[in-house]
Each structure stands twice: as structure tokens, then as C-alpha cells.
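Participant:
Chains as they are written, first to last, in the working numbering: chain A, 32 to 423; chain B, 32 to 423.
#1: Please list, in chain order, the chain B residues whose beta carbon lies closer than 8 Å to that of residue 133 of chain A.
#2: Mapping DSSP to helix, strand and coil, what is residue 236 of chain B?
#3: Would you kindly work out how many angstroms separate the C-alpha atoms of residue 158 of chain A and residue 45 of chain A, rounded to a whole number?
#4: By how many angstroms is the C-alpha of residue 77 of chain B removed from the C-alpha of residue 49 of chain B?
#5: In chain order, which continuous runs of the alpha helix (DSSP H) of length 4 or greater are located wholly inside the segment 95–120 of chain A?
#6: Please list, in chain order, all residues of the same chain as residue 188 of chain B whose beta carbon is under 8 Å from its beta carbon, the five residues on each side excluded.
#7: From which residue to which residue does the alpha helix (DSSP H) around residue 43 of chain B run?
#8: Taking C-beta pairs closer than 8 Å, name the residues in chain B that residue 282 of chain A reaches, listed in chain order.
#9: For residue 79 of chain B, would you say it is in contact with chain C, using Cβ-to-Cβ distances shorter than 7 Å as the test?
#10: Starting from the C-beta of residue 311 of chain A, find all residues in its chain whose C-beta is less than 6 Å away, skip the five residues before and the five after it, and write them out in chain order.
#11: In the DSSP assignment, find the beta strand (DSSP E) that holds residue 290 of chain A and state where it starts and stops.
#12: Check the Cβ of residue 99 of chain A against every Cβ in chain B and list those closer than 9 Å, keeping chain order.
#13: Using DSSP's beta-bridge definition, name the partner residues of residue 137 of chain B.
#14: Any beta carbon of chain B sitting closer than 7 Å to that of residue 324 of chain A?
#15: With a cut-off of 7 Å, does the C-beta of residue 67 of chain A fall near any C-beta of chain B?
#16: What are the residues in the segment 283–298 of chain A lying within 9 Å of chain B by C-beta distance?
#17: Any idea what DSSP makes of residue 384 of chain A, helix, strand or coil?
#18: Output yes if chain B places a C-beta closer than 7 Å to the C-beta of residue 217 of chain A; else output no.
#19: Looking at chain B, which residues of the segment 38–71 of chain A have a Cβ within less than 7 Å of any of its Cβ atoms?
#20: Check residue 276 of chain A in the structure and name its three-state DSSP category.
#21: Spatial neighbours of residue 424 of chain A within its chain, please: CB distance less than 7 Å, with the 5 preceding and 5 following residues excluded, ordered by chain position.
#22: Give the range of the alpha helix (DSSP H) segment to which residue 62 of chain B is assigned.
#23: Name, in chain order, the residues that DSSP records as bridge partners for residue 255 of chain A.
#24: Any beta carbon of chain B sitting closer than 7 Å to that of residue 275 of chain A?
#25: Is the distance from the Cβ of residue 13 of chain B to the Cβ of residue 250 of chain B below 7 Å?
#26: Out of B:320, B:341, B:223, state which residue places its alpha-carbon closest to the alpha-carbon of residue 459 of chain B.
#27: Only counting runs of 3 or more residues, tell me where the beta strand (DSSP E) segments fall wholly within the segment 346–421 of chain A, in order along the chain.
#28: From which residue to which residue does the beta strand (DSSP E) around residue 82 of chain A run?
#29: Closest by CA to residue 325 of chain A, which one among A:346, A:405, A:370?
#30: Might you give, ordered along the chain, the residues of its own chain that have their beta carbon closer than 8 Å to the beta carbon of residue 57 of chain B, omitting 5 neighbours on each side?
#31: Find out if the Cβ-Cβ distance for the pair residue 405 of chain B, residue 377 of chain B is shorter than 7 Å.
#32: How big is the Cα-Cα spacing for residue 318 of chain A and residue 410 of chain A?
#33: Applying a beta-carbon distance threshold of less than 9 Å, which residues of chain A neighbour residue 230 of chain B?
#34: What are the residues that DSSP puts in a beta bridge with residue 67 of chain B?
#35: Given the structure, does residue 360 of chain B come close to the ligand HEM, in the sense that its CB is under 6 Å from one of the ligand's heavy atoms?
#36: Residues of chain A with CB closer than 9 Å to the CB of residue 224 of chain B, please, in chain order.
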């Protein structure tokens, strides 16, 4: 298996140059990438091994598994301790400073890598690499657009899955099947060791307000204490909302989209809050040009919420999430986060999910979520399933 | 939400005493548990926070999320840096030595925790906690037995899902749906940051031999470069084997079971190798009493393989896995591993999956996998779907 083709190399050269700019900015000689997400980003393959990239030139790739990868600068190894010998053979010096993925690799891995490179100056580069990844190449935007397209088409067909008498569990399983049949890869990559989910959440009625340990916008009780998130086994009943927030990973790029459905009619308050969610997204999408400040976009959402007197049910009731959006891409929670005290500026080709959601007592969750790409004219919406509350 | 009920406390007391014995053995004052798997083990809830357990007494539980957990010794916090003040209020000293989950928490987390506890003696306790978890309580064995039962019943119904003309993708999705409808929780917890899978693998024909970066027994090409594992989109064709190895997580305890199906008849060699897989399991299950040495069990499997001249296709062809079994429980790959150079001894109530598998050229993968519990009389099998190759 070839590590990458010549035609894909142009894209990789762009990614390497983005990482290399960051290395120069941080005055670090090289980085060692070892996590699945970053190795797929850096060489277009999931390898168990290490991608070593200096400020100039192409990376060296040390591969433990799979055993049959070949290509320029590819070195099969059994363990990282072999790297210094390979460097010696190549008449290359070990770096004086190196960037490691310190928020992702374990303490034990860090200490091991540090000993191999025998340098005092190991820098935690997780945030820097996440910053690099937060601004997509045009190729990546096209990939995410395609994932969003496939997800949107699947969302449109969700109403076909409903049969009276279903539980939220049965409904969730049918949504998962629909998405999987349409090519969804299933795996839901999330940044942060405490975060986990299967394919997303379907929240019906009161369950939307259940507190969850996970740091998602809304929680849900889940089916079992070992995974307290999502649907909880209740019947889909008249007057309840059904919020579907299921994984949009069709090609490694995860689009994030939420739609609300209902059984019968909902209360007027529910439709009202739903419209406010759409209003927030429209205002933020218009304001979301390069240079917009993340915390200001969040504040803007709060102003609209206050104007409509919906503060008490915005992003939860008992436990309220304190953000309105987040980057998306190779993981569901990329940078930046649209929250208080985040002074990061939006840049062209950042891809952001906006998810203003409300919980209406007696009804459940309402609102939508869409994935956008930042352009000179504001945020362009990539997800396009119908946004009104659809009665099943 | 109460952290745990009185009736469950008896079980927790047992788990705490097992951890406390380990703390004494390692001469460490206390441990700080922060990963999801270990917090669920230690208090029966997934919390985002920290479980602090000393050599004696009950744990203190510091909870960031969810916001509504109450109970004895439960302290809501926003960040770990608040712990020393709470200790001061309780007139408790900070520990002189502490066990942290050094193979699981990130380097950045370790450094942060270390600064909070202000001690030089931070010990990497991941392996110790995995050893504790490797020997199940009777309660845990019963839970795994129930998960294995539900998985076995679901496996029995797999033949009902087949329709001529299906691809491995369509077939996989129907198996996933069946398992999910029967209460499978979906999430596939794996130890090791580089390991990932959705719900397991369905390997048809030649795809079983495709090399994968992941350290599972067999790989598969997968549907996309971002997840190179499992089914690859091929048709289910006459003369090919279909090896189904799908997640048995029905209650947080993951049973591990593999069964082989076929379209039409397979070659004689395939049936022969399949019987050898059953023979290996029978021999190992009989030998697998407390005190049996892990590496010797692996060697025993190799002897049987050699006797039948099947070395070249045992556990893969190009890339051969070098183990025959592994612990199962809260993650799919618990301790111990049955592999060379592992001198660990089996103990009563260890739960082990045995998975001798072969790849037959022109056919695909054959063999079965079962989950066992170690008893005085040998390993008792918990998984019980029919083991012959079933023609679809």
C-alpha cells in the first residue's frame, strides 16, 4: 500500500506548509505526530506510528502498522526507540526542540518520546495543531461539503422511519441504520478523553433536560449508567418534540446538523423558541465574517435570547451549556468554540457548527443546528435539510 | 441524582478494597481516578471529575459534571485546583504519594494534577488498575454473563438477515441494527489511544486478509481511508466466508464473540481450519485454570496450529497477530493478553476471550471466538451461539 499518491501530494504539501508555519512561529525544530486524527491529516492514512515533520521539507514517516505501507521517506519500525538509529543512518541530527501532542498522548507516551529524542525542550503542540486544522484547505471544505450533503439527504428521509407506538430507542436505531446505509462511517471522533458518544443523540420530551456528564450542548439520560447520554427508552408521544443530532461522518469530515420533529402539534412556545433558534443562526451567519470575535458571536446569541425572554431554557435548564457553536472537521469539536472569554477571530475556511437550542417544559428540545464555512460574505451554510419542525 | 444506592454499596466496597490492596502493595497513599471507565468502575456512574481513594475508608468524589449528583463525600467542583481547599476544610492532608492513570490521562493532565497535589511521587497506576479490573467480582461476572447471553441470542438470528445480492456493507448494517434493537449500547470501549472501531467487524472473503493499522486479531480494508477496518463494500459471493465479530456491550460489560457464516459451501480446507479453531479453544479452556501461565496457553495454541500445518494462515497471512486471547470487561481489551513473554498467571474470575482465527486463501476468515470466565475447573464458556459454519 502506497502511503500517498502523487495527485494527493499537492494537498499534503499545503497541509505540511501550514504546520511548518506554526513550527516557525513557535520556534520549534520539528513535530512528532502520533495520534490517528493528526496522522490522517498529515499523510492521508491512519497509521500506527509517527510522522516527523521539520520546518522545511517532507516528513519522515515511521510505521509500526500496517506492515505493508511503502513510499518516500517511509520507515517500518517496531518501536519508537529505533528512530535515533535511523536518523544516524540518514546523517540527520536529533532535534533540539520538538512539538508533541501533549493534550492527547498519555503521560507515559510523552516521557517515552522525550527520552528517545533526548531533548529538554518538548512543547505541547496539541493546541497549535488544532489551530492549524481549524482553518480548512479548499480540498477539506469540499470534503466537508460532501459529508454535509449526504447527511442532509439522509435527514430529509427521517420522517419515513416513524411508526406510531415507537420508543425513542427504536426510532434512534432506525435513524442510525438509515445513516449507515447511506454511507455514514459510524465512528464519532471527539477531542477530549472524557468525551464519548455512539452515533449522536435523539432526545424526546423531558429526556432532553436530563443532565449528562458529557460536555455536549444537550445531554439525555441514556439507556444505561455506563453511557449516560441520548435516548432513554420512552415512547414517542403526542405533543413531544424529537431532536435528532446524529453523526455526519461520511468521509472522515464530520458535518454537524440537528433537526427537530414532533408527534402531533407542539405548544406555541415551542414553535416560538424554534424560530428564535433560526433567528440566532441567521444573525450569527451574517456576522460570521473573517475577523469576527468568537465571544462576541456568543454574546450576540445571548442578546437575542434575552430579547425573547428565553434565558432560562437556552442550551438546557438545570445544566446550561455555555456556548453556541464550535468548529467541526476531523473531530466533532474542533476549534474555535463560540463562548465567553474566547477572543479568537474567525478566519476564512473555518468550518463552524451553530447550535442554539432550547428546552421547553412539557415539550422537549427545539432548535436546529447547521454547519457553515466562513467566507468573506459571512458564513455559508453547508447543511440543508428542511429547518421547520416537521410533524411525524 | 444519587451517586450510588445502599444496595450497590456492598459491591463498591469490594471494588474499593481491591484497589486499596493494590495501593498498599505499591506503597502509595491514594489514587486519583479521572477516566470514564475507572470512574464507572469505582462509583458506578460516569462522572466528569475525580474519585480520590486512600488506603482506608471511602472515596471522596469531586464532580464537575453532571451538576446534580449528590451523596456521601460528593463535592461539586469547577476545576481540580479546588481540591486542596476542600482538603483543608476537611482537615485532611494532601498525600505524599499518589497513583494517577499515566497510560490514559494526557501529559498535560498529569502535569496539572501533579501540581495540584504538589507531590514528587506520582506513580503511573494504569497497569495496576487494569490488573484490579482484570479479576472480576461475582457481580461483574454475572453482568458479563448477561451481556454474553444477549449477544449469543442476537448471533443466533444473524442468518435471518441475509438476502442474496447483499454487499458486506448492507449485511453489516443489518447486523448492527439487530444488535442495537436487542439492547446493545453501541459504544465499543477500547484501551489504547490508537485503537478505534465502530461496532466491530464483518469480514468477507479476501478482505479478511487486508492489513489494518489497528491491533485487532484481523483487520479488513474498511470503507474509507479514515477508518481502515472492517467491511470494504464487496458482494457476499458463493464460496466466501463471512466472519462476524460484533460488539457485545449490552450493559457496560463487553462480551466478545465471533461466528463464521458462508454463502454456499466453502473449501474443505476452510472447514478443517475451523475445526482446529474449536480444538484450540477446547484445549485452552481445559488448561485455563487458576495458575495457568498466559504465554504457555499461547504456545499451546501454536503447537496445535503446527500439528495441523496451519502456521502460515494463523491469525492473518501478511500481518499475523501474535496472541490468541485477551481479557474482556469494561473495555474490549482488558488484561491479561495470551501472548509470548507474558508470564502472568490466570486467576479465578478473570474473563478471557479466545479467538484463534485462520485465513484461507480464496475463502476468507474462519474460526470462532468465545468469552470465558476462569474457574477452578477451567474456563467456563459464557457465549453460546452455534459454533459450526452456518450457510446463509
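Built from N, CA and C at the ideal position, the CB exists for glycine as well.
Facilitator: Walking through what the data contain:
#1: The residue labelled residue 133 of chain A in the question sits at position 102 within the first chain. Result: 137, 138, 139.
#2: Position 205 of the second chain, counted from the first residue, corresponds to residue 236 of chain B. Here residue 236 of chain B sits in helix by DSSP.
#3: Along the first chain, one-based indexing puts residue 158 of chain A at 127. Along the first chain, one-based indexing puts residue 45 of chain A at 14. Rounded to whole angstroms, residue 158 of chain A to residue 45 of chain A spans 19 Å at the Cα level.
#4: Here the question's residue 49 of chain B lines up with position 18 in the second chain. Here the question's residue 77 of chain B lines up with position 46 in the second chain. The alpha-carbon atoms of residue 49 of chain B and residue 77 of chain B are separated by roughly 20 Å.
#5: Those alpha helix (DSSP H) runs which fall completely within the segment 95–120 of chain A and span 4+ residues are 114–120.
#6: Taking the second chain and counting its residues from 1, the one referred to as residue 188 of chain B is at position 157. Residues 209 of the same chain have their beta carbon placed closer than 8 Å to that of residue 188 of chain B, with the five preceding and five following residues left out of the count.
#7: Start at 1 with the first residue of the second chain, and residue 43 of chain B comes out as number 12. Unbroken alpha helix (DSSP H) run through residue 43 of chain B: 37–56.
#8: Looking up residue 282 of chain A in the first chain gives position 251. Contact of residue 282 of chain A with chain B by beta-carbon distance below 8 Å involves 255, 257.
#9: The structure shown contains no chain C; its protein chains are A and B.
#10: Counted from its first residue, the first chain places residue 311 of chain A at position 280. Cβ neighbours of residue 311 of chain A within its own chain (closer than 6 Å, five residues either side excluded): 332, 335, 387.
#11: Walking along the first chain from the start, residue 290 of chain A turns up at place 259. Residue 290 of chain A -> beta strand (DSSP E) spans 290–293.
#12: Within the first chain, numbered from 1, the residue matching residue 99 of chain A stands at position 68. Residues of chain B passing the Cβ test: 242, 349, 350.
#13: As a working note, residue 137 of chain B is residue 106 in the second chain. Residue pairing by DSSP places residue 137 of chain B opposite A:137 in a beta bridge.
#14: The sequence position of residue 324 of chain A within the first chain is 293, counting from 1. Not closer than 7 Å to any Cβ of chain B, the Cβ of residue 324 of chain A fails to qualify, so no.
#15: By 1-based counting over the first chain, the position of residue 67 of chain A is 36. Chain B contact via Cβ: present.
#16: Those would be 283, 284, in chain order.
#17: As a first step, residue 384 of chain A is located in the first chain; it is residue number 353 there, counting from the start. It is a strand residue.
#18: Numbered from its first residue, the first chain carries residue 217 of chain A at position 186. By this cut-off, residue 217 of chain A is an interface position.
#19: If the cut-off is 7 Å between Cβ atoms, the segment 38–71 of chain A has 66, 67, 71 near chain B.
#20: Your numbering for residue 276 of chain A matches position 245 in the first chain. Strand.
#21: Because chain A spans 32 through 423 in this model, residue 424 of chain A falls outside it and cannot be assessed.
#22: Here residue 62 of chain B refers to the residue found at position 31 of the second chain. Counting along the chain, residue 62 of chain B sits inside no alpha helix (DSSP H); it lies in the beta strand (DSSP E) bounded by residues 61–64.
#23: For the purposes of this step, residue 255 of chain A is identified with residue 224 of the first chain, where counting begins at 1. BP columns for residue 255 of chain A point to A:258.
#24: Position 244 of the first chain, counting from 1, holds the residue named residue 275 of chain A. Taking a beta-carbon distance threshold of 7 Å, residue 275 of chain A does not count as an interface residue toward chain B.
#25: With chain B running from 32 to 423 in the structure shown, residue 13 of chain B is simply not present.
#26: As displayed, chain B neither begins before 32 nor continues past 423, which places residue 459 of chain B out of reach and without an answer.
#27: The segment 346–421 of chain A contains these whole beta strand (DSSP E) runs: 354–358, 365–370, 382–385, 388–391, 395–398, 401–406, 409–412.
#28: Numbered from its first residue, the first chain carries residue 82 of chain A at position 51. It spans 79–85 - the beta strand (DSSP E) in which residue 82 of chain A sits, taken as one unbroken run.
#29: Residue 325 of chain A sits at position 294 when you count from the first residue of the first chain. Comparing Cα-Cα distances from residue 325 of chain A to each of A:346, A:405, A:370, the minimum goes to A:370.
#30: Indexing the second chain from 1 puts residue 57 of chain B at position 26. Excluding residues within five positions, the ones whose Cβ falls inside 8 Å are 130, 154, 156, 159.
#31: For the purposes of this step, residue 405 of chain B is identified with residue 374 of the second chain, where counting begins at 1. For the purposes of this step, residue 377 of chain B is identified with residue 346 of the second chain, where counting begins at 1. Yes, these two residues count as a Cβ contact at 7 Å.
#32: As a first step, residue 318 of chain A must be located in the first chain, where it is residue number 287. As a first step, residue 410 of chain A must be located in the first chain, where it is residue number 379. Put simply, the backbone Cα of residue 318 of chain A is about 8 Å away from that of residue 410 of chain A.
#33: Taking the first residue of the second chain as 1, we reach residue 230 of chain B at position 199. Within chain A, the residues near residue 230 of chain B are 217, 229.
#34: Position 36 of the second chain, counted from the start, is the residue given in the question as residue 67 of chain B. Residue 67 of chain B is bridged by DSSP to nothing; it lacks a bridge partner.
#35: Annotation note on the ligand HEM: not contained in the displayed structure, which lists no ligands.
#36: Taking the second chain and counting its residues from 1, the one referred to as residue 224 of chain B is at position 193. Neighbours of residue 224 of chain B on chain A, chain order: 65, 66, 67, 135, 136, 137, 140, 224.
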